[in-house]
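Read through the structure below, which is laid out as structure tokens, and then see the notes.
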Ligand SMILES: [Zn+2]
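This is the structure in structure tokens:
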């Protein structure tokens, strides 16, 4: 018999949020469930899903807002539940090969990461996962429904899951953290993330739930302020990159070593890969805008600012 006690939680009508360690700071997350008259649904399955018990294990359906290891950590508990995922993240949910392409890291990093997520996140692919598209709706009975709104950038298939008519928005890894937006994977897109951030404030919501750390926000002004600060991290990174490239021409290797996103003491397996991908996305934008040039020797240099 398990003797675990239920994690702290909050309720908003049919929606329950179970808070992970440190309000869902990575590697944990916050578990959302929605109980309609006819079905119990889980949004993502972070590590904390393993400490909830029947209120999670009885889920009929898991709707993944996106695919990453820390959102799949409870799937092994619900083998009979249907798993729905946006079509752009479907391959990543169905197989390790799909997930490896989704990350896009080097083979060495991927090999280490696979072991790590099997041990730490109970990783198991879901070949039975089914695709949904932008605007998909799930009526749960009793007037409660879930709607998916495609908000890509973090991953290609990242979606907000909106519970209606209550106006509770699960905004996933648009997590409003101090770190800022993560767009370090092969299927991440900086341009898409910018567009998603520009539109997420338009959702008909009054409660916003993040996967990590910030948890639940119920105050519109506070949400707007947190969203603005989160969005500003992108421009702060861009300014820092321009500053680095204004001092001297630098190679990608030098930029990755210097780091744009993570503090020097942070060491996760994927940090160099994520730095390379993120810096590359910023460089693409800056080159397109005529702010940076790529020299013949492959190094990058900022042009005098306008
Ligand atoms: Zn994620």
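Residue numbers (this note's numbering): 2 to 307.
From the three backbone atoms N, C-alpha and C, an ideal C-beta is built for every residue, glycine too.
This structure is a prediction, so every number in the text was calculated from the model and none was measured.
Handout entry: residue 276 vs residue 257 beta-carbon contact at 7 angstroms
Key = Yes, they are a contact pair.
Note to self: Pop quiz: residue 182 and residue 171 are said to be a contact at Cβ under 8 angstroms. What is the actual Cβ separation, rounded to whole angstroms?
What the structure shows: At roughly 17 angstroms, the Cβ-Cβ gap does not stay under 8 angstroms, so residue 182 and residue 171 are not in contact.
So is residue 200 buried or exposed if we call it buried at 16+ other beta carbons inside 10 Å? Label assigned to residue 200: exposed.
_Give me the pocket residues for ligand 1, defined as CB within less than 5 angstroms of any heavy atom, sorted by chain position._
With the cut-off at 5 angstroms, the residues found are 69 and 174.
- request: For my contact list, residue 86 and residue 60 are in at a C-beta cut-off of 8 angstroms; report their separation, rounded to the angstrom.
  value: 15 angstroms between Cβ atoms; not a contact.
Taking the alpha-carbon positions, what's the residue 237 to residue 152 distance?
Rounded to the nearest angstrom, the two C-alpha atoms are 22 angstroms apart.
Which of the three DSSP states is assigned to residue 79 in this structure? Residue 79: coil per DSSP, three-state reduction.
Q: Could you tell me the distance, in whole angstroms, from the CA atom of residue 268 to the CA atom of residue 13?
A: Approximately 37 angstroms between the Cα atoms of the pair.
Exercise for review: Any chance you could list the beta strand (DSSP E) runs of at least 3 consecutive residues sitting entirely within the segment 25-60, in chain order?
Suggested key: Within the segment 25-60, the complete beta strand (DSSP E) runs of at least 3 residues are 32-36 and 41-44.
| Residues near residue 35 by beta carbon distance below 6 angstroms, same chain, minus five either side | Annotation for residue 35: 15, 16, 42 and 164 place their beta carbon closer than 6 angstroms to its own, counting only its chain and skipping 5 residues before and after.
ask   = Roughly how many angstroms lie between the CA atoms of residue 188 and residue 159, to the nearest whole one?
value = Straight-line Cα distance between these residues: approximately 10 angstroms.
Go through the segment 84-168 residue by residue and report every complete run of the beta strand (DSSP E) that reaches 3 residues or more, in order. Counting only runs of 3+ residues, the beta strand (DSSP E) found wholly inside the segment 84-168 occupies 131-133, 138-142, 145-151 and 160-165, in chain order.
Can you give the Cα-Cα distance for residue 4 and residue 18, rounded to whole angstroms?
Here the model assigns residue 4 a pLDDT of 47, short of 50, so the residue's position is not dependable, and the following value carries that caveat. Residue 4 and residue 18: Cα-Cα distance of roughly 21 angstroms.
- Query: For the candidate residues 79, 161 and 11, whose alpha-carbon lies nearest to that of residue 205?
  - Reply: Ranked by how close their Cα comes to the Cα of residue 205, the residues 79, 161 and 11 have 161 in first place.
Item to complete: Output the boundary residues of the alpha helix (DSSP H) element that contains residue 228.
Response: Start and end: 221-248.
> Leaving out five residues before and five after residue 304 in sequence, what residues of the same chain have Cβ atoms less than 8 angstroms from its Cβ?
Replying inline: These residues qualify, in order along the chain: 291, 292, 293 and 294.
* Have a look at residue 314 and residue 107 and give me their C-alpha separation to the nearest angstrom. => In the structure as shown, the chain starts at 2 and stops at 307, and residue 314 therefore has no counterpart that could be examined.
Neighbour-count burial assignment, residue 240, 16 or more Cβ in a 10 Å radius: By the 10 Å Cβ count, residue 240 comes out exposed.
Check: Going by DSSP, which residues form a beta bridge with residue 184?
Finding: Looking at the DSSP output, residue 184 shares a beta bridge with no other residue.
Check your understanding: Nearest-angstrom Cα distance between residue 284 and residue 215?
Key -> C-alpha separation (whole angstroms): 30 angstroms.
What residues match up with residue 259 in a beta bridge as DSSP calls it?
Looking at the DSSP assignment, residue 259 forms no beta bridge with any residue, so it has no partner.
Helix, strand or coil for residue 214 per DSSP?
Reduced to three states, the DSSP call for residue 214 is coil.
Legend entry - Spatial neighbours of residue 58 in its chain, beta-carbon cut-off 8 angstroms, leaving aside the 5 residues before and after: In chain order, 78 and 79 place their CB closer than 8 angstroms to the CB of residue 58, counting only its own chain and leaving out the 5 sequence neighbours on each side.
What do you reckon, are the CB atoms on residue 137 and residue 149 nearer than 7 angstroms?
Yes, the pair counts as a contact, with Cβ atoms nearer than the cut-off.
- Message: Given this structure, state the Cα-to-Cα distance separating residue 174 from residue 73, to the nearest angstrom.
- Response: If you take the alpha carbons of residue 174 and residue 73, they lie about 13 angstroms apart.
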